[in-house]
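Colleague: Mind having a look at this structure? Questions to follow.
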Amino acid sequence: MALNSVNTNVGAAIALQNLNKTNASLATTQERINTGLKVGSAKDNGAIFAIAQSQRSEVSALNAVSESLSRGQSVVDVSMAAGESVSDMLTQLKEKALAASDTGLDTTSRDALKEDFASIRDQIKKTLTNATFNGINLVDGSDANIKALANAKGSSTLTVSGQNMSLGGSIISLATNATFSTATSASNLLATIDTSIKNVSTALSKLGTSSKALENHAGFVSKLQDAMEAGIGNLVDADMAKESAKLQALQTKQQLGIQALSIANQSTSTVLSLFR
């Protein structure tokens, strides 16, 4: 290129433009390496950023679903623990009533069994009353059911029905003040206790099924979150191996650009030779 002006250096302008492009590309690559993201903001890729943000919102909402399922499962598990204890105590009550139904038993022994029977009966009440988690009790009749979130929109729920095991109810028909004083009255309680034991077992089966359903859905939600996070990563995560190689190339290109600009800036000094 002929030099005929010291005011305009076309070569330097071109070299500077190329250097600026290299610096911009280098800054982008360095940002991707620092953040690990190829789409870190809407200006990088508006459409992909919008999709990623929407999916991040879904993943965040699923955290609430997971917590709701965990709370529900805890409530059911506490109820099951109480129900199992009640079932054991009913078995003990059957043992006491059966022993007291022995006509050859003396009054003192039967009275001792009666006291044991009353103590165990009252313990059932206490167990049911204390089977509370997060203010919810599914076995004393205070809560008919609980609902746990099933999706991120809150439009679907999993419902667990309560099992009222209160004395004198439909499951445990044994009265709250049930007792005996004779062999006959003790014998009359056996059928009621047997029925109550069977009903409690059925109720526990229903609670167990509900607990398993909550557990299974919680597992699905966890897998769904993992899959969605992987999908988001596919959209926005940077290829670190590729960016590392690109960084090396751009750094070399930047150094060459600086040298080219330096050469272009020095070229106008040859004009001075015209005036020697």
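Taken in order, the sequence shown gives residues 5 to 280; the numbers are from the working numbering. We put the beta carbon where it would ideally sit given N, CA and C, even for glycine. Since this is a predicted model, take the numbers as computed values, not measurements.
1. Per the contact definition of three or more C-beta pairs closer than 8 Å, is the stretch 15-24 in contact with the stretch 260-271?
2. Considering only residues of the same chain and omitting the five flanking positions on each side of MET5, which have a CB-CB separation below 8 Å?
3. In chain order, which beta strand (DSSP E) runs of at least 3 residues are fully inside the stretch 145-225?
4. Could you tell me the boundaries of the alpha helix (DSSP H) in which LEU254 lies?
5. Just to confirm, does ASN141 get its C-beta within under 6 Å of one of the non-hydrogen atoms of the ligand PLP?
6. With DSSP as the reference, label MET5 as helix, strand or coil.
7. Tell me, please, whether the stretch 81-88 touches the stretch 210-222 by the rule of three or more beta-carbon pairs shorter than 8 Å.
8. Tell me, which residues are paired with LEU41 by DSSP?
9. To the nearest angstrom, how far is it from the Cα of SER91 to the Cα of ALA222?
10. Please determine, among VAL240, SER72, LEU276 and SER205, the residue with the shortest C-alpha to C-alpha distance to GLN57.
11. If you check the beta carbons only, do ALA3 and LEU66 fall under 7 Å apart?
12. Rounded to the nearest angstrom, what separates THR111 and ASN192 at their Cα positions?
13. Among residues of its own chain, excluding the 5 on either side of THR180, which ones have a beta-carbon nearer than 6 Å to its beta-carbon?
14. Pull up the distance between the alpha-carbon of GLU233 and that of ALA242, whole angstroms please.
15. Would you mind sorting SER248 into buried or exposed? The rule is 16 or more other CB atoms within 10 Å of its CB.
16. Tell me whether the stretch 112-122 and the stretch 35-49 touch, counting them as touching only if at least three CB pairs, one residue from each stretch, are closer than 8 Å.
17. Going by beta carbon distance, what residues of the same chain come within less than 6 Å of SER29, once the five residues before and after it are set aside?
18. Quick check on the DSSP output: the alpha helix (DSSP H) that includes LYS129 runs from which residue to which?
19. Taking Cβ to Cβ, would you say SER177 is nearer than 7 Å to THR196?
20. Mind checking LEU97: buried by the 16 CB within 10 Å criterion, or exposed?
21. Apply the 10 Å Cβ neighbour rule to LEU142 and answer buried if 16 or more other Cβ atoms are within range, or exposed otherwise.
22. Would DSSP call ASN22 helix, strand or coil?
Modeller: Reading it off the structure:
1. Counting C-beta pairs closer than 8 Å gives three or more between the stretch 260-271 and the stretch 15-24, which meets the contact rule.
2. The predicted position of MET5 is uncertain, since its pLDDT is 48 and thus under 50; a value taken from the coordinates is nonetheless stated next. Cβ neighbours of MET5 beyond the five flanking positions: VAL14 and GLY15.
3. Whole beta strand (DSSP E) segments, 3+ residues: 149-153 and 161-165.
4. Note, LEU254: alpha helix (DSSP H), 244-271.
5. This structure simply doesn't include the ligand PLP, nor any ligand for that matter.
6. Confidence at MET5 is low in this model, with a pLDDT of 48, below 50, so the placement of that residue is unreliable and no value is reported for it.
7. In short, these stretches touch, since the Cβ pair count reaches three.
8. Residue pairing of LEU41 in beta bridges, as defined by DSSP: ASP241.
9. The straight-line gap from Cα to Cα measures roughly 29 Å.
10. Just measuring C-alpha positions, the residue of VAL240, SER72, LEU276 and SER205 sitting nearest GLN57 is VAL240.
11. Absent from the model: residue 3. The displayed extent of the chain is 5 to 280, so no value can be given.
12. Roughly 18 Å separates the two Cα atoms.
13. Within the same chain, THR180 has close Cβ partners LEU171 and GLY172.
14. Computed Cα separation, rounded: 14 Å.
15. Exposed.
16. At 8 Å Cβ cutoff, the stretches do not touch.
17. Around SER29: LEU254.
18. According to the DSSP assignment, LYS129 belongs to the alpha helix (DSSP H) that extends over 111-133.
19. The answer is yes: Cβ separation under 7 Å.
20. Its Cβ being crowded by 16 or more others within 10 Å, LEU97 is buried.
21. Under this definition LEU142 is a buried residue.
22. Taken through DSSP and simplified to helix, strand or coil, ASN22 comes out as helix.
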